Amino acid sequence: MKSFMTQGAKILSTGSAVPDYSLSNNQISEIVQTSDEWIVTRTGIKERRLLTGVNQSIVDLAVLASIKALDKISMNPSEIDLIILATSTPNDLFGSASQVQSKIGAINAVAFDLTAACSGFVLGIVTASQFLQNGSYRNILVIGADTLSKWIDWSDRSTCILFGDAAGATIIQACSKENNSILNFQLNTDGHYANYLSILYDHKNAFNPFLNLYQGAFRYLSMNGKEVYKFAVSQVPLSILKCINSLNISIHDIDWLLLHQANERILTAVAEKLSINTSKIISNLSKYGNTSAASIPLALDEALQTKKISNNDIIVVSGFGAGLTWGTVIIKWNEF
Ligand code: ACO
């Protein structure tokens with residue numbers, strides 16, 4: 002990573018939103034052949050929130066999370082220069098960020114979607130920090146939001162137990178270099194294994210013989226769980242090590258490990274591989290499942306609300322998922 006930093010960037014505020022409807026493991030066992038015991042043992046998940054009904058979309062969750070983040074610091078939405086919405090489940094293939102921009106009244110903000118599955122929020126933070134650290138913008142709203150419940154085959158017990166819907170938002174602001182709190186990042190992609198986790202476009206639904214044109218729709222999420230597990234447990238520790246080594250800090254300097262909330266066993270295995278005490282893991286997936294791009298900002302917001310994180314704490318944040326994509330960003334917490 003080359004740095005062209007003319008100023009620093011720091012997280013000013015966070016907010017999050019989850020749907021009201023909660024689905025327990027026992028309720029899932031009425032839909033597919035599974036049990037609370039199997040799901041808890043293999044994943045650590047006890048329940049998840051689902052966006053039900055027809056009148057709500059990912060935009061509503063993203064707007065709610067964003068308004069909470071803005072209200073916490075009494076920031077007028079017109080002060081936001083850029084909105085990055087990390088999502089793989091937009092309600093419009095052209096993007097949902099502009100709808101968020103309009104609904105929160107961020108009249109001066111440029112807005113775009115960023116698609117990188119469960120790594121989306123990490124990529125969003127890194128993208129935002131570039132615009133801030135090179136002096137282009139002052140205030141950026143980064144949202145991670147996903148509603149994977151819309152893309153799950155609810156008769157497939159190997160995937161339907163895992164995912165939930167949520168949104169998390171952070172406001173990142175430019176600051177002096179001395180107060181910079183986005184310390185370093187390390188990002189990766191390996192498209193060879195894209196088929197391990199995908200929501201593929203299927204063009205065999207409709208054929209127009211006059212134009213020789215196929216049109217179709219997206220399939221349900223498909224996943225090779227074992228391979229995704231092996232990938233996460235082998236690659237995430239390497240990314241973290243590269244990131245801390247190039248920053249010249251040691252494992253002992255890490256106060257919190259905030260990983261994408263995919264599976265409790267993955268969180269524990271990554272911590273153990275790095276010899277990080279498991280008490281340093283931030284985890285809330287038992288309540289929400291895997292909420293994809295929302296999982297990290299949702300867990301961060303909750304950890305701040307419960308006052309887990311203190312001033313000057315070093316937080317190692319890693320995302321991983323479809324693509325395959327994975328990466329780490331290191332944050333030094335500066336209280337807002
Ligand atoms: N309930 C009961 N039995 C089940 C269930 C279920 N929900 N799902 C699978 N099984 C069965 C299988 O059929 C299999 O039975 P068999 O031995 O008779 O064939 C047995 O349980 C073991 O199945 P495995 O797939 O080997 O189970 P595993 O221990 O690997 O756990 C899991 C599966 C939880 C999915 C695990 O592989 C995992 O967590 N992988 C990582 C997935 C992940 O994190 N994905 C998200 C990545 S982030 C993103 O980008 C979205």
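Position in the sequence shown (from 1) plus 1 gives the number in this note's numbering.
Idealized CB from N, CA, C, for every residue including glycine.
All values derive from a computational prediction rather than experimental measurement.
For residue i, the three-state DSSP class (helix, strand or coil)
{"i": "Gln174", "result": "strand"}
{"i": "Val318", "result": "strand"}
{"i": "Ile332", "result": "strand"}
{"i": "Ile245", "result": "helix"}
{"i": "Met2", "result": "Any reading at Met2 must be qualified, since the residue scores a pLDDT of 49, below 50, and its modelled position is unreliable; no value is offered."}
{"i": "Ser216", "result": "Note on identity: in this sequence residue 216 is Gln, with Ser being the wrong assignment. Here Gln216 sits in strand by DSSP."}
{"i": "Ser293", "result": "helix"}
{"i": "Ser276", "result": "coil"}
{"i": "Asp154", "result": "coil"}
{"i": "Thr307", "result": "coil"}
{"i": "Thr53", "result": "coil"}
{"i": "Gln134", "result": "helix"}
{"i": "Tyr22", "result": "strand"}
{"i": "Ser159", "result": "helix"}
{"i": "His204", "result": "strand"}
{"i": "Ser223", "result": "strand"}
{"i": "Phe186", "result": "strand"}
{"i": "Ser120", "result": "helix"}
{"i": "Ala10", "result": "strand"}
{"i": "Asn209", "result": "strand"}
Residue i beta carbon near the ligand ACO (any heavy atom closer than 8 angstroms)
{"i": "Leu301", "result": "no"}
{"i": "Cys176", "result": "no"}
{"i": "Leu184", "result": "no"}
{"i": "Val33", "result": "yes"}
{"i": "Leu198", "result": "yes"}
{"i": "Asn140", "result": "no"}
{"i": "Cys119", "result": "yes"}
{"i": "Thr163", "result": "For the sequence presented, residue 163 should be read as Leu rather than Thr. Yes, the beta carbon of Leu163 sits closer than 8 angstroms to at least one heavy atom of the ligand ACO."}
{"i": "Phe321", "result": "yes"}
{"i": "Thr44", "result": "yes"}
{"i": "Val229", "result": "yes"}
{"i": "Leu51", "result": "no"}
{"i": "Ser159", "result": "yes"}
{"i": "Arg220", "result": "no"}
{"i": "His204", "result": "no"}
{"i": "Asn291", "result": "yes"}
{"i": "Gly226", "result": "yes"}
{"i": "Trp39", "result": "yes"}
{"i": "Leu83", "result": "no"}
{"i": "Leu149", "result": "yes"}
{"i": "Ala168", "result": "no"}
{"i": "Ser1", "result": "It is not possible to answer for residue 1, since the shown part of the chain is limited to 2 through 337."}
{"i": "His193", "result": "no"}
{"i": "Ile252", "result": "no"}
{"i": "Asn264", "result": "yes"}
{"i": "Ile245", "result": "no"}
Among the options, nearest to residue i - alpha-carbon criterion
{"i": "Leu214", "options": "Leu222, His204, Arg220", "result": "His204"}
{"i": "Phe232", "options": "Asn335, Gly322, Ala98", "result": "Gly322"}
{"i": "Ser182", "options": "Lys281, Ala118, Ile331", "result": "Ile331"}
{"i": "Gly217", "options": "Pro210, Phe211, Asn206", "result": "Asn206"}
{"i": "Ile267", "options": "Ile255, Asp61, Phe5, Ile46", "result": "Ile46"}
{"i": "Lys243", "options": "Val111, Ser319, Gln8, Ser311", "result": "Ser319"}
{"i": "Gly121", "options": "Val317, Leu299, Ser293, Asn312", "result": "Ser293"}
{"i": "Val229", "options": "Cys119, Ile245, Ser23", "result": "Cys119"}
{"i": "Asp256", "options": "Asn92, Leu65, Asp314", "result": "Asp314"}
{"i": "Phe219", "options": "Glu31, Leu239, Leu149, Glu179", "result": "Leu149"}
{"i": "Leu299", "options": "Glu31, Thr116, Ala170", "result": "Ala170"}
{"i": "Ser25", "options": "Glu303, Gly165, Ser240, Asn312", "result": "Gly165"}
{"i": "Gly54", "options": "Leu124, Lys151, Phe5", "result": "Lys151"}
{"i": "Gln134", "options": "Phe211, Asn180, Ser36", "result": "Asn180"}
{"i": "Ala270", "options": "Thr88, Leu259, Ser235, Ile252", "result": "Ser235"}
{"i": "Leu62", "options": "His253, Ile144, Ser23, Arg139", "result": "Ile144"}
{"i": "Asn185", "options": "Leu163, Ile250, Ser137, Arg139", "result": "Ile250"}
{"i": "Leu239", "options": "Asp254, Val317, Phe208, Leu305", "result": "Val317"}
{"i": "Val111", "options": "Leu124, Leu259, Thr326, Ser79", "result": "Ser79"}
{"i": "Gly328", "options": "Leu65, Ser23, Leu124", "result": "Leu124"}
{"i": "Thr116", "options": "Asp147, Lys274, Thr88, Ile297", "result": "Thr88"}
{"i": "Trp334", "options": "Ala18, Lys308, Ile252", "result": "Lys308"}
{"i": "Phe5", "options": "Gly136, Ala98, Asp254, Gln28", "result": "Gly136"}
{"i": "Leu163", "options": "Ile29, Leu301, Tyr22, Gln306", "result": "Ile29"}
Should the region 191-199 be called in touch with the region 168-179, which here means at least 3 C-beta pairs below 8 angstroms?
no
Evaluate contact between the region 280-289 and the region 42-59, counting only Cβ atoms and requiring at least three cross-stretch pairs below 8 angstroms.
In short, these stretches touch, since the Cβ pair count reaches three.
Tell me whether the region 34-44 and the region 176-189 touch, counting them as touching only if at least three CB pairs, one residue from each stretch, are closer than 8 angstroms.
No, the region 34-44 is not in contact with the region 176-189.
Please determine if the region 146-160 and the region 215-229 are in contact, where contact requires at least 3 C-beta pairs separated by less than 8 angstroms.
yes
Every unbroken beta strand (DSSP E) inside the region 63-116 [3 residues or more]
83-87, 111-115
Count the C-beta pairs between the region 77-94 and the region 262-274 that are closer than 8 angstroms, then say yes if the count reaches three, no if not.
no
Given 8 angstroms as the limit, is there contact between the region 266-280 and the region 101-121, that is, 3 or more CB pairs closer than that?
Because the criterion of three Cβ pairs below 8 angstroms is not met, the region 266-280 and the region 101-121 do not touch.
Please confirm if the region 3-16 is in contact with the region 64-81, defined as three or more CB-CB distances below 8 angstroms between the two stretches.
yes
At least three beta-carbon pairs within less than 8 angstroms, the region 56-65 to the region 85-99:
yes
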